[in-house]
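In what follows, a single structure is set out as structure tokens and then discussed.
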Amino acid sequence: MFQPQLYVAAMMLMLLSMLCWGSWANTLKLAKGWSFQAFYWDYVAGILASTLLIGTLLGGGRGFFLRLMQAATPSIALALAGGIVFNIANSLLVAAIEMAGMAVAFPIGIGLALVTGVILNYIQEPSGNPILLVLGIGLVLAAILLSAQAYRLRSTIIESSARGIAISVVAGLLMGLFYPFVARSLRGAHPLDAYTVSTFFALGVLLCALPLNALLMRRPLTDSVPVPWSAYTGAPSRWHLAGLLGGVIWAVGAEANFIASQARIVGPAVSYAIGQGATLISAMWGVFVWREFADAPAASKRLLAPMFLAFLLGLSAVAIAPLYR
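Numbering (UniProt numbering), first residue to last: 1 to 325.
Shown next as structure tokens:
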């Protein structure tokens with residue numbers, strides 16, 4: 001079973017998780033015109049399939065399945081709860097983005113998730129220099145606010161709503177709550193390992209998505225037209241592949257993050273914080289690949305450099321926090 005012992009190896013896994021979590025949403029662009037609710041079915045299938053495949057290849061093969069069958073019920077319940085909470089938060093955040101816009105909903109949601117998650121994980125298991133952690137989180141939050149302002153200045157029309165903002169707040173708080181469940185299942189009296197916890201987490205996502213996504217298809221939070229089942233069954237094969245790919249990318253990031261958090265020198269607070277640096281990756285996709293700011297006003301473009309600098313300094317502070325306890 002693969003488990004890194006050196007901090008450098010764990011750091012590479014955390015950076016991989018940041019890259020994956022900040023990149024999976026690009027697969028939505030491969031299925032333009034497809035509702036997120038329809039996309040989500042394949043996305044969830046991709047997550048579950050990936051955790052099983054990674055567990056088989058890196059988690060010990062037959063030993064991985066034996067550990068799944070021998071897992072303690074309390075630890076399984078914690079991992080399932082983490083998946084359920086994550087799925088609710090993820091669905092709410094997408095709805096909030098549709099209502100209030102990316103510039104408003106995403107910074108609120110991810111900003112709250114970052115602060116809530118790091119605080120709860122640190123209380124649960126203190127690891128890393130607290131001063132560096134606070135400094136790093138503060139710089140990352142500043143970068144998120146700069147990103148939001150840059151998007152606001154770029155947009156000529158801002159459509160926001162109190163309902164969308166309220167939903168983004170709830171989504172952010174829930175997004176910060178899912179990781180402590182995972183961390184506890186990895187360090188309880190009968191702990192799971194990163195490979196088994198990922199599989200039970202994915203099952204939790206699936207168990208929650210079945211009723212919740214079906215409900216959101218019938219009654220979208222955005223007050224739009226209900227999404228018929230034919231929107232999924234009649235979609236082109238390439239759209240289904242895009243959904244599966246999105247789930248695979250997210251799951252690889254989650255697996256890498258959970259494995260890194262088990263390294264003794266890292267801990268869940270640091271691992272989660274660096275993983276949530278995914279906002280930096282998504283911003284880089286938007287600026288350098290999708291050219292979202294190509295026609296933006298000068299005032300908007302001037303915020304990009306300090307935004308990236310704040311992100312890099314903040315993530316660097318979090319990255320070295322375990323080395324200066």
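Note that beta-carbon positions come from the ideal geometry of N, C-alpha and C, so glycine has one too. Every value quoted in this text rests on a predicted model; they were computed, and no experiment measured them.
Where residue i and residue j are concerned, what is the direct C-alpha to C-alpha distance, given to the nearest angstrom?
i       : j       : result
Trp-229 : Cys-208 : 18 Å
Ser-282 : Ala-183 : 25 Å
Thr-51  : Met-175 : 20 Å
Met-12  : Asp-193 : 19 Å
His-240 : Asn-257 : 26 Å
Gly-164 : Arg-67  : 42 Å
Val-94  : Arg-152 : 18 Å
Phe-2   : Ile-97  : 37 Å
Phe-308 : Leu-19  : 15 Å
Val-115 : Tyr-272 : 10 Å
Arg-62  : Met-69  : 11 Å
Val-252 : Ala-298 : 37 Å
Ala-142 : Gly-22  : 18 Å
Ile-157 : Ala-100 : At Ile-157 the pLDDT is 46, less than 50, meaning the model places this residue with poor confidence and gives no usable figure here.
Lys-32  : Tyr-232 : 13 Å
Ser-75  : Arg-302 : 48 Å
Gly-286 : Phe-293 : 8 Å
Just to confirm, is the Cβ distance from residue i to residue j under 8 Å?
i           : j       : result
Arg-325     : Asn-129 : yes
residue 327 : Leu-173 : Nothing about residue 327 can be reported from this structure: the residues present for the chain run from 1 to 325 only.
Pro-191     : Val-270 : no
Ala-319     : Ile-265 : no
Leu-139     : Leu-30  : no
Tyr-195     : Ile-54  : yes
Ser-198     : Glu-255 : yes
Ala-10      : Ala-278 : no
Ser-168     : Ile-108 : yes
Trp-24      : Trp-250 : yes
Pro-17      : Leu-212 : Here residue 17 is Ser; the residue named in the question, Pro, does not match the sequence. No.
Phe-64      : Thr-73  : no
Val-205     : Asn-26  : no
Leu-216     : Gln-37  : yes
residue 402 : Leu-135 : Lying outside 1 to 325, the shown extent of the chain, residue 402 is not represented and no answer is given.
Ser-234     : Tyr-43  : Correcting the residue identity first, residue 234 is Gly in this sequence and not Ser. Contact flag unset, no.
In terms of residue numbering, what span does the alpha helix (DSSP H) encompassing residue i cover?
i       : result
Asp-295 : Unbroken run through Asp-295: none, as it is neither H nor E.
Gln-149 : 130-154
Pro-268 : 268-275
Thr-196 : 194-218
Trp-34  : Here Trp-34 belongs to no alpha helix (DSSP H), and DSSP marks it neither H nor E.
Trp-239 : 237-261
Met-284 : 278-284
Ser-316 : 304-320
Val-8   : 7-21
Arg-184 : 162-186
Thr-233 : 230-233
Could you tell me which whole alpha helix (DSSP H) segments of length 4 or greater appear in the region 59-102?
62-70 and 73-100
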